[in-house]
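A.B. asks: One structure, pasted below without further comment.
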Amino acid sequence: MASPHHRPSQQGSSHLDHFIGIDVGTGSARACIIDAKGDIVGLSSENIGLWQPQQGYYEQSTSDIWRCICLCVQRAISENNVDPESVKGIGFDATCSLSVFSNVNDEPVSITGPDFDSDRNVILWLDHRPVEETEVVNATQHNLLRYVGGKMSIEMEIPKVLWLKNHMPKELFDKCKFYDLADALTYIATGDEKRSFCSVVCKQGYVPVGVDGSVKGWQEDFLADIGLKDLTEENFKRMGGVDGVNGDYLSAGELVGHLSEKAAMELGLPAGIAVGSPVIDAYAGWIGTVGAKVDFEAGQLSAGAAKNDKTQAFGRLAAVAGTSTCHLAMSPDPVFVPGVWGPYRDTIQPGYWMAEGGQSATGELLKYVIETHPAYNQAKSIAESYNANIYVYLNEHLKEMTQEQKAPSISYLARHFFFYGDLWGNRSPIADPGMKGSVIGLTSDKTVDGLAIHYYATLEFIALQTKQIVESMNEAGHKLTSVFMSGSQCQNDILVGLVATACNMPVVIPRYVHAAVCHGAAMLGAKAASADEEGETEDLWDIMDRFSKPGRKVPPSTNQNEKALLDVKYKVFLEQCHKQQEYRALVDQTVGSWK
Numbered sequence: 001m002a003s004p005h006h007r008p009s010q011q012g013s014s015h016l017d018h019f020i021g022i023d024v025g026t027g028s029a030r031a032c033i034i035d036a037k038g039d040i041v042g043l044s045s046e047n048i049g050l051w052q053p054q055q056g057y058y059e060q061s062t063s064d065i066w067r068c069i070c071l072c073v074q075r076a077i078s079e080n081n082v083d084p085e086s087v088k089g090i091g092f093d094a095t096c097s098l099s100v101f102s103n104v105n106d107e108p109v110s111i112t113g114p115d116f117d118s119d120r121n122v123i124l125w126l127d128h129r130p131v132e133e134t135e136v137v138n139a140t141q142h143n144l145l146r147y148v149g150g151k152m153s154i155e156m157e158i159p160k161v162l163w164l165k166n167h168m169p170k171e172l173f174d175k176c177k178f179y180d181l182a183d184a185l186t187y188i189a190t191g192d193e194k195r196s197f198c199s200v201v202c203k204q205g206y207v208p209v210g211v212d213g214s215v216k217g218w219q220e221d222f223l224a225d226i227g228l229k230d231l232t233e234e235n236f237k238r239m240g241g242v243d244g245v246n247g248d249y250l251s252a253g254e255l256v257g258h259l260s261e262k263a264a265m266e267l268g269l270p271a272g273i274a275v276g277s278p279v280i281d282a283y284a285g286w287i288g289t290v291g292a293k294v295d296f297e298a299g300q301l302s303a304g305a306a307k308n309d310k311t312q313a314f315g316r317l318a319a320v321a322g323t324s325t326c327h328l329a330m331s332p333d334p335v336f337v338p339g340v341w342g343p344y345r346d347t348i349q350p351g352y353w354m355a356e357g358g359q360s361a362t363g364e365l366l367k368y369v370i371e372t373h374p375a376y377n378q379a380k381s382i383a384e385s386y387n388a389n390i391y392v393y394l395n396e397h398l399k400e401m402t403q404e405q406k407a408p409s410i411s412y413l414a415r416h417f418f419f420y421g422d423l424w425g426n427r428s429p430i431a432d433p434g435m436k437g438s439v440i441g442l443t444s445d446k447t448v449d450g451l452a453i454h455y456y457a458t459l460e461f462i463a464l465q466t467k468q469i470v471e472s473m474n475e476a477g478h479k480l481t482s483v484f485m486s487g488s489q490c491q492n493d494i495l496v497g498l499v500a501t502a503c504n505m506p507v508v509i510p511r512y513v514h515a516a517v518c519h520g521a522a523m524l525g526a527k528a529a530s531a532d533e534e535g536e537t538e539d540l541w542d543i544m545d546r547f548s549k550p551g552r553k554v555p556p557s558t559n560q561n562e563k564a565l566l567d568v569k570y571k572v573f574l575e576q577c578h579k580q581q582e583y584r585a586l587v588d589q590t591v592g593s594w595k
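The numbers in UniProt numbering rise by one with no breaks, and the one at position 105 of the sequence shown is 105.
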């Protein structure tokens, strides 16, 4: 363990120390500055570029992302009068996206076909281009697929690497090396090519050494079977190498290296600041939420509650809600859940396993449903006249409709409207990229009232699918008893109440609703800064316990009528889910015989 004098957060001068968390989401980069008590003292964001050259393709640029990070950090420092010399550690998180660089000169390599001549070198997680490649991967039925919920998702990185091989000129592909985006940014910051275990599992071609006979982690036979045998050369050098041989893989927040002179000058910080091993953005959300001290019996959260024991994390599901929603749970032993990614060992805590369920679109789904309704512009104008965003306005409109119609509850308004929202395919728990949306109960209503019903039904779908994921995880062996939610959707009181009631467990909302993810990233910086002369760092859970803030608890509804209606709607939801698969199979049997 680290010596106490190497942990500035425990010293008398600790109030002078600061740590920076960098969060790169789908649409923006954010910089969060916290002090040694875990309080946020500065926050800044910057929109990043997103290109969609054709349907289903989503691309970004690490050069653009780094530029935005630098602007965020400079702004957060200057606007909040933070002394750059007081910054002791930096942590990064980013979306689970594939970044491509040259193994000759370390420069970004374009992923934009057919000419591969753009400055975009990131295939976003949301990108669904590798349809055929995903089918090839899953056709192997390789043992490692157990560690991704039974089959690989089209959102994962291995199918995208295979797509690049199938579409790039061979001489260009042969010069490529592959990073997860979070690791790429850490490399830009430090010049050190150490990788995080999160980056390994994102590529989804890895089984922990010593597990199921795995010798090197990376599975040579699997890569050969899918057509990526060339990546096995030189001990998987282009993928990051073999841990302890020609590569170093670290758990969250372990010391990667220190801020380089070049990166420091661009960020407006002194060189030499400790940089922690990064994580995927959803994992930073787990770090930033599940450490909150909770007194469930008292019905509130309290900073004075008893110290968290690490085992308490096993019952806490982190629901990190943004464009999509990720559902993360830690366990002491591997738990295999069909349709749920993982279990992944060592990503957050050495020796512990993480599972990750998810909904491919939640924030994006709400946006789509609202903006495609005929009454959208009218509702938007009314919301702006009240200086409110459209979600707040629609929530209030639903409450007014309930009063005007003398309905017993909001849910009663949509009792005969059944919406299934897998418009972008299903990530968990059925892991079917071919899933689509469906509606029963459509009318010709083009009014704001009609929009409100569609909006509410979408919230209901998100909550019911969360219940489906939680049930799948608990049936497989998890013991989840609460949901720790983060992201902007936490501010939606109707959605949070639906999730709590549908899952029949309390939902915990963190103090820093908008910043829980980058708050977690800043804790990685604090862990890196705690390194002693041998590089040993403080346990991440202890940092989480100390830095996490009390929040707010939302219990399930006690209205038995509402609960009964939601239970019935869940039965319909499951039928809509599975009947769609049956209908598609029936049609495929027919059209499959066509010449």
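Note that beta-carbon positions come from the ideal geometry of N, C-alpha and C, so glycine has one too.
Enumerate in chain order the residues of its own chain whose CB-to-CB distance from Tyr58 is below 7 Å, with the five nearest sequence positions on each side excluded.
C.D. replies: Residues Leu50, Gln52, Leu124, Leu126 and Asp127 of the same chain have their beta carbon placed closer than 7 Å to that of Tyr58, with the five preceding and five following residues left out of the count.
A.B. asks: State the Cα-Cα distance for the pair Arg75 and Ala189, rounded to the nearest angstrom.
C.D. replies: 18 Å
A.B. asks: Count the other CB atoms within 10 Å of the CB of Met265; is the residue buried (16 or more) or exposed (fewer)?
C.D. replies: exposed
A.B. asks: Give a yes or no on contact between the region 223-240 and the region 250-257, applying the rule of three or more CB pairs nearer than 8 Å.
C.D. replies: The count of Cβ pairs closer than 8 Å, one atom from the region 223-240 and one from the region 250-257, stays below three, leaving the stretches out of contact.
A.B. asks: Which of the three DSSP states, helix, strand or coil, is assigned to Gly42?
C.D. replies: Three-state DSSP puts Gly42 in a strand.
A.B. asks: Count Cβ pairs between the region 208-224 and the region 279-296 that sit closer than 8 Å; are there 3 or more?
C.D. replies: no
A.B. asks: Under a three-way DSSP split, which group does Thr325 fall into?
C.D. replies: The three-state reading of DSSP puts Thr325 in strand, counting E and B together.
A.B. asks: Just the Cα atoms here: how many angstroms apart are Leu16 and Lys37?
C.D. replies: CA-CA distance, Leu16 to Lys37, rounds to 10 Å.
A.B. asks: Taking Cβ positions, are Val100 and Ile111 nearer each other than 8 Å?
C.D. replies: Their beta carbons are under 8 Å apart, which means Val100 touches Ile111 by this criterion.
A.B. asks: Report the three-state DSSP secondary structure of Phe418 (helix, strand or coil).
C.D. replies: strand
A.B. asks: CA-CA distance, residue 596 and Thr140?
C.D. replies: Residue 596 falls outside the range modelled here, since the chain spans only 1 to 595, and no answer is possible.
A.B. asks: So what does Pro350 bridge to, in DSSP terms?
C.D. replies: Per the DSSP secondary-structure output, Pro350 pairs with nothing in a beta bridge.
A.B. asks: What would DSSP say about Trp51, mapped onto helix, strand or coil?
C.D. replies: strand
A.B. asks: Going straight from the alpha carbon of Ala526 to that of Ile348, what length do you get?
C.D. replies: 15 Å
A.B. asks: Is it the case that the Cβ atoms of Val109 and Ser102 are separated by a distance below 8 Å?
C.D. replies: Result yes, Cβ atoms of Val109 and Ser102 sit closer than 8 Å.
A.B. asks: Distance, Cα to Cα, Phe417 vs Lys553?
C.D. replies: Near 29 Å, if we compare the C-alpha coordinates of Lys553 and Phe417.
A.B. asks: Do Ser196 and Asp182 have their beta-carbon atoms positioned less than 8 Å apart in this structure?
C.D. replies: The identity of residue 182 in the sequence shown is Ala, whereas the question assumes Asp. Yes; because the gap between Cβ atoms is below 8 Å, this pair is in contact.
A.B. asks: What does the Cβ neighbour count give for Asp106, buried or exposed, with the cut at 16 atoms within 10 Å?
C.D. replies: Asp106 is exposed by the Cβ-count criterion.
A.B. asks: Report the CB separation of Val517 from Ser486 in whole angstroms; it is logged as a contact under 8 Å.
C.D. replies: 6 Å
A.B. asks: Rounding to the nearest angstrom, what Cα-Cα distance links Gly150 and Pro338 in this structure?
C.D. replies: Roughly 6 Å separates the two Cα atoms.
A.B. asks: Is it buried or exposed, Arg427, if we count other Cβ atoms within 10 angstroms and call 16 or more buried?
C.D. replies: buried
A.B. asks: Of the choices His478, Ala271, Asp432 and Leu480, whose alpha-carbon is the least far from that of Arg584?
C.D. replies: Asp432
A.B. asks: Got a sec, what are the start and stop residues for the alpha helix (DSSP H) Ile370 sits in?
C.D. replies: Gly363 to Glu371
A.B. asks: Do Ala274 and Gly89 have their C-beta atoms closer together than 8 Å?
C.D. replies: yes
A.B. asks: Using the C-alpha atoms, what's the distance from Asp23 back to Leu162?
C.D. replies: The straight-line gap from Cα to Cα measures roughly 28 Å.
A.B. asks: Could you give the residue range of the alpha helix (DSSP H) that holds Lys262?
C.D. replies: Glu261 to Leu267
A.B. asks: Just checking my contact of Ser45 with Arg67 at CB under 8 Å: how many whole Å lie between their CB atoms?
C.D. replies: Contact doesn't hold; Cβ gap of about 14 Å is too wide.
A.B. asks: Quick one: complete beta strand (DSSP E) runs, 3+ long, within the region 473-557?
C.D. replies: 482-486, 507-509 and 552-554
A.B. asks: Quick check on the DSSP output: what are the complete alpha helix (DSSP H) runs of length 4 or more inside the region 189-263, in order along the chain?
C.D. replies: Runs found: 197-203, 220-225 and 233-236.
A.B. asks: Ends of the beta strand (DSSP E) at Arg345?
C.D. replies: Trp341 to Arg345
A.B. asks: Spatial neighbours of Ile543 within its chain, please: C-beta separation below 6 Å, excluding the five flanking residues on both sides.
C.D. replies: So the qualifying residues of the chain are Met523, Ala526 and Lys527.
A.B. asks: Give a yes or no on whether the C-beta atoms belonging to Thr558 and Cys503 are separated by under 8 Å.
C.D. replies: Using a Cβ distance threshold of 8 Å, Thr558 and Cys503 do not count as a contacting pair.
A.B. asks: In the DSSP assignment, what residue or residues form a beta bridge with Leu586?
C.D. replies: None; Leu586 has no bridge partner.
A.B. asks: Relative to the C-alpha of residue 599, which candidate in Asp539, Glu234 and Pro343 has its C-alpha closest?
C.D. replies: Residue 599 cannot be examined here, being either before or after the span of the chain that is shown, 1 to 595.
A.B. asks: According to DSSP, what are the bridge partners of Met330?
C.D. replies: Met354
A.B. asks: Below 8 Å on the Cβ atoms is my guess for Ile462 versus Leu495; work out the distance and round it to an integer in Å.
C.D. replies: Right, the Cβ-Cβ distance comes to about 6 Å (below 8 Å), so this counts as a contact.
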